[in-house]
């Protein structure tokens, strides 16, 4: 197995994008718990995100969600973030919270509703020009709850038409990433349920469109790393939404439910050329900290990605290939497991310290007093959450 | 196969309990859509429930959810319902919407939180005395999202202790039914995840405790009718929460996702003695009409249960047993399918008409003008939903 | 809803292909039970298949599995089948039972093993020329059991190369259909696990390649009719392998586990132009009659497909579209369910009799004495099964 | 976190029982691959098992499967094993490979078939007296493939009756462990599908009966460690069948598919008192080495159990409890993960060497030449597998 030192340099440019909404309240249909210190504004969300980057050096970008993060002056917001060492990243559209979208948005039977949803994406693109964002991420809640409620085929055709219109509006440096999701909030069918659908749709659009893979959006038993390998092979893996799940779209901390799966995913990313300075794959988090503290929840998440990336880089690739070619099942598996079972945490702590960062970011954040300060300062106002 | 006439009399006493909350708004974590005419009060919910019973003759009871349906004068509420031909049914407790319950209720590590949850159940029992309800239904959101977050074993012991305290407070005619649920809102573990846990807990309590089976609360692939048969055999099937699902706890209209499964469930109910005047099994609905109209959604639901009950009663039981004993796989399956594929709807329409009911309750309700009237009248106020 | 008579003519040309191997023994890894009368030769399999067609008028083709059904003289076999009113259909290749394929066939790291598997397909194509078959169906057992055992990406590239070589050998009238399967016999990853992979591979091949959808080869909760609609939209649905399943690839009688799902699938087939004289979608069965009698098992299967096709044709499409466009969830669902709940069996019996067929094919076959005759006659020899 | 040295002594008495059938050939319904050196006799299986114990010091017992391992002289077999340092362990009955059991064994409608199956268990008990085994393990293939095929309720009653008869024949030191399985080889329903059924059945039998938990026998998403905790709490966890799975009952090497799950299971074992000299929980493997070498497959398996046991013992229990009580979600989770991410392999290697064992058992076995020797010597005869 390679020594940690030999792979350390590959960790240098790792950058994970944080979702602004992870710092607001979230929950289930049963209850959204509020917490002292929760941001009331996008500026407070960005301030919290800056903490994650300060203690880890891993998170230089914040993704926006429109309209939750709408402001009057995006140039000012960009400067605000920049002053904290952050860039504004992916712009996420929202076509699921307006009453008009009850029966669909880009797929709706009513052309006026479709146009409203298209216009929303035009607005997002306009914001991207101002924020300097390159990626427009589309996740659709479109779907139906009952067989017969909608015309599956017609909806797919309308989706293609709507996406084509949006795609045409993209700026030269822009990308469109289309996220798929197996179920929820629609229960019978979703209009972009699987990577195949997203792939077919973005392929029809053109080179600036690719697939967003959210690790929580698959049926039970799905081999996600296979999809990673396949999309990289097809040149259509645009971005990740990292999180983890035990059953549904739980949106738990990435790596929390199945760390070995995260390792395998990152191994295929590395194997397939999706990691490193030449790759255009964007790494984002998409998580809901329903019961745990949000800032340390994000810190824990980016560390998990870093730790598993390090393990993936440690795989002895030539030895693995030799064992695979020899039909040595246990040997090949053992080479992979060697990397997974290696405790990279002490190495990473030392590496962090060598770069002027805290060896233990979780402890350093806890000791910083930031959490107590925001709990004291952020009194009154409306805590941010889904819908605000 | 028996003629419809020979089983018609068995349909006479069918009674399905409606959940008061089905008439309020519901949705997903992404969005709760509101609808014109949605009730603002428990009285309006009961009025809507009365419509379901008026057009179907199948739904003479309404289940309450505390605190959503709290009133000052339960005797008055009972009279209000009675005047509309309805009785007040199961009282459902709620230990998932108070901030205190973020980390559990009856299982919480803090004795004060447990006592608060126990006191809530004492209040529910007090309400039952006033409403004439016999069943206290406990569904717990208790659980954890992350491995290590809670002590699974200790939580189970505390659950047993809390339930014992509540059980001791039940009135002579009261029952406690303990619902299990595979996942949601907790994602890593729920404290009553399966029928085995509910069975073990209620068996330890005593004869007045039994299991509530919600048809949407199982892992994929679970054979629910087996559990029905087993619980009836063990004398511990207390009640049903009927609904249907494609993937998770979708809470769709019962029979909508898999009508054949509903048929098989009702066949095992009949087979095991869970149907008819001598049975104590309570049939309730627990559904969320997120996108469809609520009153006709409930009408459709009780009709679905009735139609599948009729089909289950039509199974030629002696012929089925003979085929089973003969090892005639296709013959036995064919006898069951004969009943399932029989279109009982014309028979039921005629039967309804013979009893002074509309032959087509869906059409009759639509023609009644009730929906337009409540849409006009129920202006202002706060539409009922989860949490109010 | 349309009257049955108005759709009856559309049933006339329905043709379902039977798999030769359905008449041989099958089972699980735990046990393969044998049965009196099981065929010993491909001729006996074809004779049994002819019974299915004789009693239903629905099954004029038999699919072959190579090498299980290899003969010296395919022209003679074609005449043998023709004399019984049958044509020889799809040729199924087998790259999972030779010791050489332990670690893969078309994806193997060893070029010699890949060539062996390619040569096998060349042989299949040669047989197709002799049998008059048009479809070459490729289902691969290729995959791995342990992470690291194989290189997912490299295997996919080799698959593409192998398929390209096979594709180039197809005759002018030939098609290649590539089947996907979620899991089994490989457990960690399969090389063609989902429709997306099959679609990406066959799209790269060309117009003569399309996807084979086996209804039992999906993850739990997958909406199969969506895939049907999508593949029809993309022009890449080549054929079906019909069967049903409760959990895994159970290969039960089609429609047995979830008749409503079969209905929904056939509705999307009709909706998307996959049914009728202009469609090139092939309807095949792929089932294992482990515990039930095989010939009546096949009769039951083709009848199930016919009955659900009739129901799908009965859907009032204009009314459905109107309800969908109006956002009438319950109305639209009700229109679909009306067709599903209609008991088409008496209509189909009368229709069959009008065409000189038995009204009740199951009873007619049972009364024919064929089963007793083959049980008596087929003594000695080696009963056919997987592997022979 | 405790130092490794402080938990090392608790590893001393760990003993994992090997299944004799793991050394024979196994596979899927598609193919069973044979391998040079595969045992032809139970003596050769035991010799192979002795290798696992020799290199790991962890596997002093071999479980037998009757009739696969039947011999004329069990006393001689016991001495044979003893001479190799092994004891004979659990006796596994087989009621799935005789033609008589096509429609059930202990649940069959025919009393004669039930008696045949009961007599088989009597024979197993007789063998236990001779081999010194204490555990009779019953796993049933009983179930049905089609709704209606069998009477679920009646089968359960007959199961109870049959088990009662078998239980009455147990010797004073004997135990009966009843294994449950979600699906396969029956597809529609299995007669002991879940822990609740096994628990209800063994509770009715008495103190000598308990549940066997096979880690591969659950629905997707099932929290297995919860069941472990619950059964330990109820005093009814008799034994484990360890293996791992990605989707169905894959019977892969334990810990291979989800090492974190294995860790969580072993943590609950330790937490609930299921580990150590006072526990009666038996640890067995039940795996199928379809594509990997069998002896090193077993070595890898027992090492995986040992490594995860060490990690589970390393959990800082007081700190964990404190964090749980404080509602510190991330803190509690972090304490658990600290133990999981600790690389115990170097510690275990040193510990092994201190006890005269090879530090790297996989490498030591590979270097021993045993595999080459058996490949050379074991020529001719009939390789052992399921069914022989």
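Chains as they are written, first to last, in my numbering: chain A, -7 to 380; chain B, -7 to 380; chain C, -7 to 380; chain D, -7 to 380. Positions of the beta carbon are idealized from the N, C-alpha and C atoms, including for glycine. Values in this document were obtained by computation on a predicted structure and should not be read as measured data.
Every unbroken beta strand (DSSP E) within the stretch 12 to 85 of chain C, with a cutoff of 3 residues, ordered by chain:
Runs of the beta strand (DSSP E) inside the stretch 12 to 85 of chain C: 53 to 57, 79 to 84.
*Taking the alpha-carbon positions, what's the residue 244/D to residue 181/C distance?*
13 Å
- Query: For the stretch 112 to 172 of chain A, which segments carrying the beta strand (DSSP E) assignment without a break, of at least 3 residues, lie completely within its bounds, in sequence order?
  - Reply: Annotation note: the stretch 112 to 172 of chain A contains the following uninterrupted beta strand (DSSP E) runs of length 3 or greater, listed N- to C-terminal: 127 to 130, 167 to 171.
Name the residue from 249/B, 25/B, 333/B whose alpha carbon lies nearest to the alpha carbon of residue 207/B.
-> 249/B
Thinking C-alpha only, which one of 128/D, 255/D, 80/D is nearest residue 202/D? 128/D
Spell out the partners DSSP gives residue 181/B in its beta bridges.
136/B
Do you know whose CA, among 213/A, 39/A, 122/A, lies nearest residue 253/A's CA?
213/A
Q | Secondary structure of residue 104/B, DSSP reduced to three states | A | helix
I'd like the span of the alpha helix (DSSP H) that includes residue 329/C, first residue to last. 321 to 333
Item to complete: Just confirm the distance between the C-beta atoms of residue 9/A and residue 82/A, as a whole number of angstroms; I'd bet it's less than 8 Å.
Response: 6 Å
Mind checking residue 361/A: buried by the 16 CB within 10 Å criterion, or exposed? exposed
(Q) Quick check on residue 114/A: buried or exposed, where buried means 16 or more other Cβ atoms within 10 Å of its Cβ? (A) exposed
Fill in: Residues of the stretch 260 to 279 of chain A with Cβ closer than 8 Å to any Cβ of chain C, in chain order
Cβ contacts with chain C come from 260, 263, 264.
Determine whether the beta carbon atoms of residue 327/C and residue 308/C lie at a separation below 8 Å. yes
So, under 8 Å CB-CB, residue 241/B and residue 209/B are touching, yes? Tell me the CB distance rounded to an integer number of Å. 6 Å
Thinking just about the alpha-carbon of each residue, which of 30/C, 57/C, 96/C, 169/C is nearest to the one in residue 123/C? The residue with the shortest Cα to Cα distance from residue 123/C is 57/C.
query: Relative to chain C, which residues along the stretch 322 to 337 of chain A have a C-beta separation below 7 Å, given in chain order?
result: 324, 325, 327, 328
Below 8 Å between beta carbons is the criterion; list the residues of the stretch 235 to 250 of chain C that meet it against any residue of chain D, in chain order. 237, 238, 239, 240, 242, 244, 245, 248, 249
Roughly how many angstroms separate the alpha carbons of residue 366/B and residue 112/B, rounded to a whole number?
33 Å
Here's the rule I'm using: 16 or more other beta-carbon atoms within 10 Å means buried, otherwise exposed. How should residue -7/B be labelled? Taking all protein chains in view, the Cβ of residue -7/B is surrounded by fewer than 16 other Cβ atoms within 10 Å, so the residue is classified as exposed.
For this session: Sort 24/C, 375/C, 266/C by Cα distance to residue 415/D and report the nearest one.
Result: One cannot answer for residue 415/D here, as it falls past the ends of chain D, which runs -7 to 380.
(Q) Taking the alpha helix (DSSP H) that residue -3/A belongs to, which residues open and close that run? (A) Start and end: -4 to 0.
| task | Please list the partners that residue 89/A has in chain B, where partner means a Cβ-to-Cβ separation under 9 Å. | result | Result: 22, 23.
Practice problem: Assuming residue 38/B and residue 73/B form a contact by the criterion Cβ under 8 Å, report the distance between their Cβ atoms to the nearest whole angstrom. | Solution: About 5 Å separates the Cβ atoms of residue 38/B and residue 73/B, confirming a contact at the 8 Å cut-off.
Within 8 Å of any Cβ in chain D, is that where the Cβ of residue 137/C sits?
True, the Cβ-Cβ gap to chain D drops below 8 Å.
- residue 202/B - partner residues in DSSP beta bridges: 169/B
In this structure, what does DSSP give as the bridge partners for residue 9/C? 53/C, 276/C
Query - Interface residues of chain B facing residue 185/D [CB-CB closer than 7 Å] - result: 215, 218
Please state if the CB of residue 204/A and the CB of residue 236/A are separated by a distance shorter than 8 Å.
no
- With 8 Å set as the bound, which would you pick, yes or no: does the beta-carbon of residue 93/D sit closer than that to a beta-carbon of chain B? Not one chain B Cβ lies under 8 Å of residue 93/D.
(message) On the criterion of 16 or more Cβ atoms from any shown chain inside 10 Å, does residue 371/D qualify as buried, or is it exposed?
(response) Label assigned to residue 371/D: exposed.
- Task: Note down, in chain order, all residues in the stretch 285 to 302 of chain C with a beta-carbon under 7 Å from any beta-carbon belonging to chain B.
- Result: Correct list: 285, 288, 289, 292.
Only counting the same chain, and skipping five residues up and downstream in sequence, which positions put a Cβ closer than 8 Å to that of residue 7/D? Closer than 8 Å at Cβ, skipping near neighbours: 50, 51, 52, 53, 275.
>> Can you give me the C-alpha to C-alpha distance between residue 96/C and residue 192/A, rounded to a whole angstrom?
In response: Cα-Cα distance, rounded: 28 Å.
- Message: My output table needs one value for residue 234/A: the three-state DSSP class, helix, strand or coil.
- Response: Three-state result, residue 234/A: strand.
Practice item. Please confirm if the stretch 332 to 349 of chain B is in contact with the stretch 141 to 149 of chain D, defined as three or more CB-CB distances below 8 Å between the two stretches. Key: no
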